[in-house]
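Single-structure report; data block below.
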Amino acid sequence: MTASSDNSKFKVVRILDEYRIIINAGKNDGVDDDSYFDITGAIDKVYDPDTKELLGTLDGVKASVSPVKIFEKMCICKAKTIPLQGVANTLSPSLLALSRMLSKSEPLPVDKSQISNPETYSPIMIGDRAVLHFQPKYRINDDDEQDDSEALPQK
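Structure, rendered in structure tokens:
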């Protein structure tokens, strides 16, 4: 089974602290270092102003996280760091990897009552859905390479 075939089964299963969560997806599900998850769930409840009846919820992305430790059936994730616009395209793959390693993770908007006191508007909670994505790997397209023999003048 590939990870993209059934994203609905992946969820936040534990909150370790405000920087790290555990998701029930791992190597067996195709998770690798280039994967990331969008943590989704209800970000707001909508009530009828007259009857006070709950009409439904508005769902959205609460955070994007990347795996930092991948096990067979789960992974520990931290907030995904996003390089500055355009910078990623100018760095060599090794410098880009180094910049990712040196970047500091931001705290995740977790439900702190599950660790301590709640303080955020739409916190990550155990049971929130985790949507798996794969980042494209850096590759040189063979079609873009030019045959130098055609560019040289023939004697």
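Going by our numbering, the first residue of the sequence shown is number 1, and it counts up by one from there. For each residue, glycine too, the CB sits at the ideal point set by N, CA and C.
Going by DSSP, what residue range makes up the beta strand (DSSP E) through residue i?
i	result
PHE134	129-134
PRO67	54-70
THR51	Taken as a continuous stretch (DSSP letters only), THR51 belongs to no beta strand (DSSP E), as it is neither H nor E.
ALA79	75-79
VAL180	Lying before the first or after the last residue shown, residue 180 is absent from the chain, which here runs from 1 to 155.
ILE21	20-23
Spatial neighbours of residue i within its chain, please: CB distance less than 8 Å, with the 5 preceding and 5 following residues excluded, ordered by chain position.
i	result
GLU18	PRO107, LEU108, VAL110, LYS112, ILE115
HIS133	SER35, TYR36, PHE37, ASP38
VAL46	LEU54, LEU55, GLY56, THR57, LEU58
GLN135	ASP34, SER35, TYR36
Taking 7 Å as the limit between beta carbons, can you name the residues of its chain near residue i, skipping five residues before and five after?
i	result
ASP48	LEU55
ALA63	ILE39, ALA79, LEU108, PRO109, ILE124
Under the DSSP definition of a beta bridge, which residues are partnered with residue i?
i	result
VAL160	Here the chain comprises residues numbered 1 to 155, so residue 160 is not present and cannot be evaluated.
TYR36	HIS133
GLY41	GLY60
ILE195	Beyond the ends of the chain as shown, which are 1 and 155, falls residue 195; an answer cannot be given.
Taking a contact to mean a Cβ-Cβ separation below 8 Å, would you say residue i touches residue j in this structure?
i	j	result
ALA25	MET74	yes
ALA130	ILE39	yes
PRO67	VAL31	yes
VAL61	LYS78	no
ILE23	LEU16	no
ASN128	LYS9	Rather than Asn, the amino acid found at residue 128 in this sequence is Asp. Not in contact: ASP128 and LYS9 (Cβ atoms no closer than 8 Å).
Near residue i, which residues of its chain fall below 6 Å by C-beta distance, leaving aside the five closest residues on each side in sequence?
i	result
PRO123	PRO109, VAL110, ASP111
ASP44	LEU58
GLU72	GLY26, LYS27, ASN28
ILE126	VAL12
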